[in-house]
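Numbering (the working numbering), first residue to last: -7 to 444.
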């Protein structure tokens, strides 16, 4: 398929909301709050912001830049841009696609839980201030093989239908509608949370740092979250970058996305932690914060069932945007390398993800005994993608951009042929890509293997 027939984003706002939709996901509403809660609150937030500036933002800019320069999928990008005789760089794209499939295998299951919780909140099944009750409801959901599979397939069918509509009429059009709604729902929840008695304790926890709580574990966790929460290292920003308009200011767009993504995370924290403290719950509840603690917290407040349903609706919106971007990675590859129609490429991608997702969805029930290195299939897919494929791919991407692609091409691409006056910024980015980002991502990789 030639580049002239490629679909793409049609407006500057469309580029921004689609890219933001990719970056904003369950990581903002689910992972960021529980990691902040378990790692000291404001001190963790401060380290996370620094890590985002040093690692997340430079790598995101680079992925988008390479995608736009190639106007191709994650694999073909490196075949086009790598110097002659260096075709091995396409392994970065291969690893990104592999990571995308494995991530979707378990991410769509978590998204399925979120979709299910919208109806559970509305039906009153979560109506209890006792976390043991909400824990039992959650356990029943994940341990029921039929429910686990059905909700995962609903998520796949819903997002697959959007993908089939294309980039401009599907991804961009839906993102333009969903992202503003997400912000409005978050703001509404924040206002309600801040009106609760004792809410200030939650704000102090989120915004008053205790530097004594910063240690090596907190730093490693913050760097890892900064790298993974911006949808980098899995081919998504490479693919979305290939749909960017030629005149789009990549550094400015990426920075706006980073700040908007951070804003969503902070709003989620403002919506959650004041309520958690107001009703005497534990902020360090861990991964169960959203599915077990939050329902009990919302039920404790007047009109809680309505606000609980709103919370899970906005979480479902966040999950949808992220899934769309990750699913587009294999779809774009199949369209361009196999010359398939978008419908066929989407159908094959959905089938592949559903097959990989089958053992992940059943990992709390029928396949609970399927373990490797002590990990069930859900945790194994998460470990391989998050601790191996994405960090290794991220390091190789930095090496490619900093040492093979080179500074002159970086300047040409990021300055839009010299039309943007951002040479100083590009030089800083180049230093980060060559030296700082690979070192920090390497530390994440070694930590993932348990070597440090």
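Beta carbons are placed, not taken as given, at the ideal position from N, Cα and C, and that holds for glycine.
Item: Proximity of residue 104 and residue 146 at Cβ, strictly below 8 Å; Value: yes
Item: Buried/exposed call for residue 78, threshold 16 Cβ in 10 Å; Value: exposed
Item: Between the CA atoms of residue 27 and residue 169 - distance to the nearest angstrom; Value: 29 Å
Item: Residues near residue 31 by beta carbon distance below 8 Å, same chain, minus five either side; Value: 205, 209, 210, 213 and 214
Item: Inter-residue Cα distance where the pair is residue 298 and residue 320; Value: 33 Å
Item: Segment contact, 8 Å Cβ cut-off, at least three pairs: the segment 284 to 299 with the segment 111 to 130; Value: yes
Item: Cα-Cα separation, residue -7 to residue 341; Value: Since pLDDT at residue -7 reaches only 40, below the 50 mark, its modelled position is unreliable, and no value is offered.
Item: Three-state secondary structure (DSSP) of residue 187; Value: coil
Item: DSSP state of residue 114 mapped onto helix, strand, coil; Value: helix
Item: Own chain, CB closer than 6 Å to residue 307, minus 5 neighbours either side, in chain order; Value: 21 and 106
Item: Residue 354 - DSSP class collapsed to helix/strand/coil; Value: coil
Item: DSSP-derived helix/strand/coil call for residue 359; Value: coil
Item: Same chain only: Cβ atoms within 8 Å of residue 217, ignoring 5 sequence neighbours per side; Value: 19, 23, 24, 27, 40 and 43
Item: Where residue 368 falls: helix, strand or coil (DSSP); Value: strand
Item: Counted within 10 angstroms of its Cβ, other Cβ atoms place residue 132 as buried (16 or more) or exposed; Value: exposed
Item: Buried or exposed by the 16-neighbour rule on C-beta atoms within 10 Å, applied to residue 192; Value: exposed
Item: Three-state secondary structure assigned by DSSP to residue 375; Value: helix
Item: Buried/exposed call for residue 182, threshold 16 Cβ in 10 Å; Value: buried
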